[in-house]
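Colleague: Below you will find the structure I want to go over with you.
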């Protein structure tokens, strides 16, 4: 009896370690419809059509990259962190509905928290010249330059809102790749 009890206890401890050791494996894919709805809710009801020059677009190189699950998690986390940083700027609050914007930022913060829990602390996930995290950083730097070039106008922010929709779709794909 005591031997069986110790074996059962050891097995239970091992199972607990396995299930808590891989939190990315159990990460549920967020509902992209939820994020899309929140992004639609932040927009003012009347948006004038606008034609801005050279808007940034989500990099194609990230779409065709075969990432390992932890790399996909790191890329998704980086996109969400940049989205949070960009959308939480004061200049977005001048053009967007405040409650919907706050809901969107809270949801982003929730996603970021869950992804942070499942990533290792080391930054050696990507090696070589084609580091997707550098591509993501450049993409968001271009978004900030785009906003600055257009004086953070309502039109520029609306374009950023549409780009955020694309980002959520890519984050959803990355999270699916983690499984």
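Residue numbers (mature numbering (1 follows the signal peptide of the UniProt record, and there is no 0)): -21 to -1, 1 to 158. Glycine is no exception: its CB is placed at the ideal position from the N, C-alpha and C atoms. Values in this document were obtained by computation on a predicted structure and should not be read as measured data.
(1) Measuring only the C-alpha atoms, how far is residue 52 from residue 13?
(2) Which term fits residue 109, buried or exposed, when burial requires 16 or more other beta carbons within 10 angstroms of its beta carbon?
(3) Would you kindly report the start and end of the unbroken alpha helix (DSSP H) that includes residue 79?
(4) Using only CA atoms, which one of 134, 151, 111, 144 lies nearest to residue 45?
(5) Specify whether the region 50 to 65 and the region 129 to 148 touch according to this definition: at least 3 beta carbon pairs, one from each stretch, less than 8 Å apart.
(6) Going by C-alpha to C-alpha distance, which of 137, 122, 50 sits closest to residue 95?
(7) Could you pull out every residue in the same chain whose Cβ sits closer than 6 Å to the Cβ of residue 84, ignoring the five residues on either side in sequence?
(8) Would you give the residue range spanned by the alpha helix (DSSP H) that residue 147 belongs to?
(9) With 16 other CB atoms within 10 Å as the buried threshold, where does residue 93 fall?
Modeller: According to the structure shown:
(1) If you number the chain shown from 1, residue 52 lands on position 73. If you number the chain shown from 1, residue 13 lands on position 34. Each residue's alpha carbon lies about 20 Å from the other.
(2) Translated into the one-based positions of the chain shown, residue 109 becomes position 130. Residue burial annotation: residue 109 is exposed, with fewer than 16 other C-beta atoms found within 10 angstroms of its C-beta.
(3) Residue numbering aside, residue 79 sits at position 100 when the chain shown is read from its first letter. Start and end: 77 to 96.
(4) Numbered from its first residue, the chain shown carries residue 45 at position 66. Taking only the C-alpha atoms, the option nearest residue 45 is 111.
(5) yes
(6) Taking the first residue of the chain shown as 1, we reach residue 95 at position 116. Looking at the Cα atoms, 50 is the closest of the given residues.
(7) Working through the chain shown from its first residue, we reach residue 84 at position 105. Counting only Cβ-Cβ distances below 6 Å, and skipping sequence neighbours, we find 67.
(8) Counting from 1 along the chain shown, the entry for residue 147 is found at position 168. Start and end: 133 to 156.
(9) Indexing the chain shown from 1 puts residue 93 at position 114. Buried, because 16 or more other Cβ atoms sit within 10 Å of the Cβ of residue 93.
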